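Peer 1: Before I ask anything, let me first share the structure, which is written out below as structure tokens.
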């Protein structure tokens, strides 16, 4: 029986601290279920969040600079496994990003916490699907190197919920909306319908995750009395110059809460960045 902390913030921290994939997934499922049953309090007098330099991580994969990751095509079994591993690593990080939003940002509406607990639970399920597929291909999570870009952005925005909502869901995680359809086409062309089915599920559900980021970004802007679009442009220039690439999936991004001006802004920014 998994021990569940008494408060949502303690539960989020426990999930963040869990160091093995098995422990992080199991505890995420258990805590999300307890939250859904109303068993996790969100006390107004909870102590402030503590800094997190790194959440719990297994010994492997080794984390390297993105430039050190080899380029592999889908033409070999190893290349396909490396691709599945890369997506699994993104989903593993996304579990922590969901829980960190819950742990980090206090005094917010109940729906904020419900949204990000739900995201963490979805990401744990996505990771498990991908890990199972990786094992079917003869590999496991940790067999390939990976990078730490998602968590690095979480660290950079730990002080500012508005910036977090703008940049992690709407820039880094939204990248999956742009590239996944092309990956599905390539995998389907080589007959890998098992991986395609997983990516179809992830793409459909990630639209909702990015939409949560859009919704809470605008909520933060309204609370601060700032115009969302100029602020989004400023944040892109400050934080995202090195990580924003086109082309963009305008249909999926529109469904995820981007308006026409933001879509034009993304395209112009990507075309003119250094």
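In the UniProt record's numbering, the protein residues as written are 1 to 274.
Heads up, the beta-carbon is just placed ideally off N, CA and C, and yes, glycines get one too.
From a predicted model like this one, the values you see are computed outputs, not experimental measurements.
Span of the alpha helix (DSSP H) holding residue 234?
Peer 2: Taken as a continuous stretch (DSSP letters only), the alpha helix (DSSP H) holding residue 234 covers 228 to 239.
Peer 1: So, helix, strand or coil for residue 69, using DSSP?
Peer 2: Coil, per DSSP.
Peer 1: Under DSSP, the alpha helix (DSSP H) around residue 245 begins and ends at which residues?
Peer 2: Run containing residue 245: none; DSSP gives neither H nor E here.
Peer 1: Grab me the residues of residue 62's own chain with a C-beta within less than 6 Å of its C-beta, minus the 5 sequence neighbours each way, in chain order.
Peer 2: Closer than 6 Å at the Cβ level, and outside the excluded window around residue 62, lie 145.
Peer 1: Run through the stretch 106 to 173 for me and flag every whole alpha helix (DSSP H) of 4 or more residues, listed as ranges in chain order.
Peer 2: Qualifying alpha helix (DSSP H) stretches, in chain order: 110 to 136, 149 to 156 and 161 to 167.
Peer 1: Report the option in 234, 108 and 156 whose CA atom is closest to the CA atom of residue 46.
Peer 2: When only C-alpha atoms are compared, the closest one is 108.
Peer 1: Going by Cα to Cα distance, which pick from 199, 10, 91 and 167 is closest to residue 258?
Peer 2: Nearest C-alpha to residue 258: 167.
Peer 1: Can you look up residue 41 in the DSSP assignment and give me helix, strand or coil?
Peer 2: Correct three-state label for residue 41: strand.
Peer 1: Tell me, to the nearest whole angstrom, how far the beta carbon of residue 67 is from that of residue 74; I am working on the premise that it is less than 8 Å.
Peer 2: Between residue 74 and residue 67 the Cβ distance is about 21 Å, and since that is not below 8 Å, they are no contact.
Peer 1: Taking only three categories from DSSP, how would you classify residue 76?
Peer 2: If DSSP states are grouped into helix, strand and coil, residue 76 belongs with coil.
Peer 1: Assign residue 188 to one of two classes, buried (16 or more other C-beta atoms within 10 Å of its C-beta) or exposed (fewer than that).
Peer 2: Classification for residue 188: exposed.
Peer 1: Quick one: residues in its chain with C-beta nearer than 7 Å to the C-beta of residue 217, no 5 flanking neighbours on either side, listed in chain order?
Peer 2: If we look at residue 217 and ignore the five residues flanking it on each side, its Cβ neighbours are 162, 165, 166, 170 and 228.
Peer 1: Would you decide whether residue 249 is buried or exposed? Buried here means 16 or more other CB atoms lie within 10 Å of its CB.
Peer 2: The residue in question, residue 249, is buried, as its Cβ has 16 or more Cβ neighbours within 10 Å.
Peer 1: In this structure, does DSSP put residue 2 in helix, strand or coil?
Peer 2: Coil at residue 2, not helix or strand.
Peer 1: Between residue 9 and residue 117, how many whole angstroms is the CB-CB distance? I'm expecting something under 8 Å.
Peer 2: That pair is no contact at about 11 Å.
Peer 1: Checking the sheet assignment: what are the DSSP bridge partners for residue 7?
Peer 2: 41.
Peer 1: Starting from residue 224, trace the alpha helix (DSSP H) both ways and give me its first and last residue.
Peer 2: Note, residue 224: alpha helix (DSSP H), 193 to 224.
Peer 1: Is the number of C-beta pairs between the stretch 236 to 248 and the stretch 169 to 183 that are closer than 8 Å three or more?
Peer 2: Yes, since at least three Cβ pairs between the stretch 236 to 248 and the stretch 169 to 183 fall closer than 8 Å, the two stretches touch.
Peer 1: Does the separation of the CB atoms of residue 21 and residue 14 fall below 7 Å?
Peer 2: Their beta carbons are not under 7 Å apart, which means residue 21 does not touch residue 14 by this criterion.
Peer 1: Is the stretch 111 to 129 close to the stretch 16 to 31, with three or more CB pairs under 8 Å?
Peer 2: Counting Cβ pairs under 8 Å, three or more are found: they touch.
Peer 1: How about residue 154 and residue 97: are their beta carbons less than 7 Å apart?
Peer 2: Cβ atoms of residue 154 and residue 97: closer than 7 Å.
Peer 1: Under a Cβ-count criterion, where at least 16 other Cβ atoms within 10 Å of its own Cβ denotes burial, should residue 295 be classed as buried or exposed?
Peer 2: Because the chain here runs from 1 to 274, residue 295 falls outside it and cannot be looked at.
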